[in-house]
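Note that the protein sequences, when read in sequence, are chains A and B.
The first sequence maps to residues 1 to 348 in our numbering.
The second sequence maps to residues 1001 to 1274 in our numbering.
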Amino acid sequence: MPESSNKVMTAKEAVNRFVHDGDHLVIGNYTVGTCAALVFEIIRQQKKGFTLYSQSGVFDVEVLVGGGCVDRLVTTYVYRAGGKEGGSAVERALRDGSLEMEDYTNFQYNARLVAGMHGFSFMQVLEGPMVTDLFSKRSFMADDKYRIIKCPYTGKDILTVPAANPDVCIVHVQRADKFGNAQYWGALGSVAAAALSSKRIIVSCEEIVEHDIIQSSPQLTIIPAYRVDAVVEAPWGAHPTEVLGYYNLDKMAYAMFFMSDMTGDGLKAWMDEWVYGCANRQAYIDHYIGKYGSGLLDAIKAKPYYSAPANYGSAYISSWEDNGRERTMGVTIEEMEKIMEERGLLYG
Amino acid sequence: MAKRYSLDELLIITVAREIKDGDRVILGVGLPTTAGAMAKALHAPNATLMMESGIIDIEPCVPPNHIADANSCRGFSYATDLFSMFTMTYRGFIDVCFLGVAQIDRFGNINTTVIGDYFKPKMRLPGSGGASDFMSYARHTILTMRGGEFVEKLDYFTSPGYLEGGNSRDDSGLFPKGSGPSMLLTTKGVFRFDDTTKELYLSKLHPGVTVDMVKKDVPWDLKIAADLSVTERPTDAEIDFVRRFAPTEAVGRKLMYELGISNALNKAAARQNN
């Protein structure tokens, strides 16, 4: 069980220690702030056989499937690079039979994680999709994709989905402390549920901050330290996707990725250059700047727009006044000890 | 010469020593918070202290007035909700919780709801609060009893201890294996639970207390530890911590009221004269 000690390590070490072949792996982020640095490291380490959970199978799913890491995919949405003519890595893998996929709605997928997060074995979901092929067409989840139960209170048929408790979550956040308190703000999506439903959690962050920054803004912590296994500092760790308060989506880099992703060869060439060709995130960013200059990155850096500070202050933070007297009883500690002695309250 | 200490201090410090480094601990107001703060300050720096209202990794600086008292903390790390606090306990992430006892039976089952008939109560007590849920799922529950009583049969069964004793708690399938109350602390001594029968036995006596004084309170033939000893004395550092952090807990409620009221009246009089 993780303890609140220093968990800072490199992406290489974190993935090596906490991501295993055959794991159920969940991407914590939901289209924004994709944990790209961790995803790339997983591909470089050639981890295999995942059942991958992703709320929306966009960039993260494409490269993991393209990297040959994924056997099974649980998602709600697959992005089709390049429109009708363009393909996607998921589509190619489904065609050649190397990937099985289970489709859920956004709400159902999220409900599976929320159930897992809270330790429940299933979750009631909205009944509308019961009439659709989401319900009738089932892949590897088979009977366990959905089950219908009778509501014990109303007698109505209720649609349920099973809890998901992935082995490991990878997630990118704005900031964390070295103990693992992870702070994330913006669209919360299913980020907290993805992390908290999982057995192990790897957090990457734009910056590691002092613990007192966390203590001054606990409302921003979405994953508490005692649940976290590894903390990886990865500036630009979500590029080419965006991180609120740090940088915008890099539309140019994103477009180039999806152009490449239209074909298997294109994706392979892109990955040779940006994933296998760069030993870590710093090398990736250096390569990007070397190729395009720093102007493109400078242009998408966030300008400050700070949240109003919340006052977490209290009237006092000690039972003792500055003059050495206890606030309630009005005595000094010496006077208090003398009275306790006189009243016969002391042993030893 | 080692410092002398009050009974209240002894109780707080004895409980604090049950908290181990790295433990995730749910604290209640009063003795548990002081014990938790002391443990974190002195011997369990990596303990995660929390309250069921949803404040986590707290560093209390004064004794809190209630379980949502963020004013008593100088910062905490995570702000969540009550629902999540209970489900994280349910999932096995809580090592230690605390529970004050009004009635306890020989297998550590607890009543905190009512004395007498439920529908015509002699005394209506606070009820469950978080007690029944926490005692169900926390790895260890530390029980404290200052005004309560040992009974053959609870008037109302609020929180599950070891049920009928033996393996009955584990066998019910309702609770994490091996969970349950780990100790009972009273003003007279420390009680633990037999590994096999899960029956309460007397483990330690506080200074000046005899076995007969304890037996007088227990309606069954109480078992006594073969190695019965006197509760370990607090260290000076522990005593100093309690007096600095929670002076009003150190002196006990009676003296706190007496000194507190006279201090308030003196201050009021001084204000009148100005």
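No residue lacks a Cβ here, since even glycine has one placed at the ideal position from N, Cα and C.
Inset, instruction - Quickly, what does DSSP pair Lys301/A with across the bridge? List them, please. - result: Residue mapping note: residue 301/A aligns to position 301 of the first sequence, counting from 1. DSSP lists Tyr247/A as partners of Lys301/A.
Inset, instruction - Indicate whether at least one CB of chain A lies closer than 9 Å to the CB of Thr1087/B. - result: Taking the second sequence and counting its residues from 1, the one referred to as residue 1087/B is at position 87. Yes - at least one Cβ of chain A is within 9 Å of the one on Thr1087/B.
Legend entry - N-terminal and C-terminal residue of the beta strand (DSSP E) that Phe1193/B is part of: Position 193 of the second sequence holds residue 1193/B. Here the beta strand (DSSP E) through Phe1193/B covers Gly1189 to Phe1193.
Inset, instruction - List the residues of chain B that Glu334/A touches, going by C-beta distances under 7 Å, in chain order. - result: The residue labelled residue 334/A in the question sits at position 334 within the first sequence. Simply none; closest approach about 11 Å.
Inset, instruction - Out of Trp320/A, Ser216/A and Gly324/A, state which residue places its alpha-carbon closest to the alpha-carbon of Ala1070/B. - result: Start at 1 with the first residue of the second sequence, and residue 1070/B comes out as number 70. Nearest option by C-alpha distance: Ser216/A.
Legend entry - Nearest residue (CA-CA) to Lys291/A, options Trp274/A, Glu337/A and Glu326/A: In the first sequence, counting from the first residue as 1, residue 291/A sits at position 291. The residue among Trp274/A, Glu337/A and Glu326/A with its C-alpha nearest the C-alpha of Lys291/A is Trp274/A.
Inset, instruction - Please list, in chain order, all residues of the same chain as Ser190/A whose beta carbon is under 7 Å from its beta carbon, the five residues on each side excluded. - result: Numbered from its first residue, the first sequence carries residue 190/A at position 190. Excluding sequence neighbours, Ser190/A sits near Tyr30, Gln55, Asn110 and Leu113.
Inset, instruction - Keeping to the same chain, check which residues put their C-beta closer than 7 Å to that of Ile1067/B; ignore five residues upstream and five downstream. - result: Here residue 1067/B corresponds to residue number 67 of the second sequence, with the count starting at 1. For Ile1067/B, where only same-chain residues beyond five positions count, the Cβ hits under 7 Å are Gly1028, Val1029, Met1051, Glu1052 and Ser1053.
Legend entry - Buried versus exposed call for Gln183/A [16 or more other C-beta atoms within 10 Å across all chains shown]: Working through the first sequence from its first residue, we reach residue 183/A at position 183. Looking at its Cβ environment, which holds 16 or more other Cβ atoms inside 10 Å, Gln183/A is buried.
Legend entry - Uninterrupted beta strand (DSSP E) stretches inside the stretch 1209-1243 of chain B (no shorter than 3 residues): 1223-1230
Legend entry - Proximal residues to Thr1113/B (C-beta, below 6 Å), its chain only, five neighbours per side dropped: Working through the second sequence from its first residue, we reach residue 1113/B at position 113. Once the five neighbours on either side are set aside, the close Cβ partners of Thr1113/B are Leu1125, Gly1127, Tyr1156 and Thr1158.
Inset, instruction - Return the residues of the stretch 1027-1055 of chain B that lie within a Cβ-Cβ distance of less than 7 Å from chain A, sorted by chain order. - result: Asn1046 and Thr1048
Legend entry - Within-9 Å CB hit, Leu1143/B to chain A: The sequence position of residue 1143/B within the second sequence is 143, counting from 1. Taking Cβ atoms only, chain A never reaches closer than 9 Å to Leu1143/B, which makes this a no.
Legend entry - Buried/exposed call for Asp250/A, threshold 16 Cβ in 10 Å: In the first sequence, counting from the first residue as 1, residue 250/A sits at position 250. Classification for Asp250/A: buried.
Legend entry - Proximal residues of chain B, C-beta to C-beta of Gln215/A below 7 Å: As a working note, residue 215/A is residue 215 in the first sequence. Going along chain B in sequence order, the residues near Gln215/A (Cβ under 7 Å) are Gly1075, Phe1076 and Ser1077.
Inset, instruction - Taking the CB atoms as reference points, tell me whether Leu159/A and Val125/A lie closer together than 9 Å. - result: Residue 159/A sits at position 159 when you count from the first residue of the first sequence. Residue 125/A sits at position 125 when you count from the first residue of the first sequence. Going by C-beta atoms, Leu159/A is nearer than 9 Å to Val125/A.
Inset, instruction - At 8 Å on the CB atoms, spell out the chain A contacts of Thr1248/B, in chain order. - result: Numbered from 1 along the second sequence, position 248 holds the residue referred to as residue 1248/B. Under the 8 Å cutoff, chain A gives Ser319, Glu326, Thr328 and Met329.
Inset, instruction - Taking the CB atoms as reference points, tell me whether Glu1249/B and Thr1034/B lie closer together than 9 Å. - result: Residue 1249/B sits at position 249 when you count from the first residue of the second sequence. Residue 1034/B sits at position 34 when you count from the first residue of the second sequence. Yes. Within cutoff.
Inset, instruction - Could you have a look at Ser1132/B and say whether DSSP puts it in helix, strand or coil? - result: Your numbering for residue 1132/B matches position 132 in the second sequence. It is helical.
Legend entry - 8 Å Cβ cut-off: residues of chain A touching Phe1245/B: Position 245 of the second sequence, counted from the start, is the residue given in the question as residue 1245/B. The contacting residues are Ser319.
Inset, instruction - Can you check the stretch 272-331 of chain A for any alpha helix (DSSP H) of at least 4 residues that lies completely inside it and give the ranges in chain order? - result: 281-292 and 295-300
Legend entry - Secondary structure of Val15/A, DSSP reduced to three states: As a working mapping, residue 15/A is identified with position 15 in the first sequence. Reduced to three states, the DSSP call for Val15/A is helix.
Inset, instruction - Confirm, please, whether the CB-CB distance from Met1145/B to Val1101/B is below 9 Å. - result: On the second sequence, position 101 is the one that residue 1101/B refers to. On the second sequence, position 145 is the one that residue 1145/B refers to. Taking 9 Å as the cut-off, the beta carbon of Val1101/B is found closer than this to the beta carbon of Met1145/B.
Legend entry - Secondary structure of Ala1269/B, DSSP reduced to three states: By one-based count along the second sequence, residue 1269/B stands at place 269. Helix, per DSSP.
Inset, instruction - Give the residues from the stretch 108-128 of chain A that approach chain B closer than 7 Å (Cβ to any Cβ), ordered along the chain. - result: His118 and Gly119
Inset, instruction - Please name the residue, chosen from Phe1191/B, His1206/B, Pro1234/B and Phe1245/B, that lies closest to Lys1223/B on a Cα-to-Cα basis. - result: Taking the second sequence and counting its residues from 1, one reaches residue 1223/B at position 223. Looking at the Cα atoms, Phe1191/B is the closest of the given residues.
Inset, instruction - Alpha carbon to alpha carbon, how far is Ala234/A from Pro309/A? Give it in angstroms, no decimals. - result: Residue mapping note: residue 309/A aligns to position 309 of the first sequence, counting from 1. Residue mapping note: residue 234/A aligns to position 234 of the first sequence, counting from 1. Taking the straight line from one Cα to the other gives about 26 Å.
Inset, instruction - Give a yes or no on whether the minimum CB-CB distance between Tyr1005/B and chain A is below 9 Å. - result: Here residue 1005/B corresponds to residue number 5 of the second sequence, with the count starting at 1. Yes, contact with chain A.
Legend entry - Interface residues of chain A facing Tyr1118/B [CB-CB closer than 9 Å]: Taking the first residue of the second sequence as position 1, residue 1118/B is located at position 118. Ordered by position in chain A, no residue passes the 9 Å Cβ test against Tyr1118/B, which lies about 25 Å from the chain.
Legend entry - Residue closest to Ala238/A, alpha-carbon to alpha-carbon, out of Glu41/A, Ala225/A, Asp21/A and Gly86/A: Residue 238/A sits at position 238 when you count from the first residue of the first sequence. Ranking the options by Cα distance to Ala238/A, first place goes to Glu41/A.
Legend entry - Sequence-distant residues of the same chain with beta carbon closer than 6 Å to Met1038/B, five excluded per side: Taking the second sequence and counting its residues from 1, the one referred to as residue 1038/B is at position 38. Correct list, in chain order: Ala1016 and Phe1241.
Legend entry - Residue range of the unbroken beta strand (DSSP E) whose run includes Phe1076/B: Your numbering for residue 1076/B matches position 76 in the second sequence. For Phe1076/B, there is no enclosing beta strand (DSSP E), as DSSP marks it with neither H nor E.
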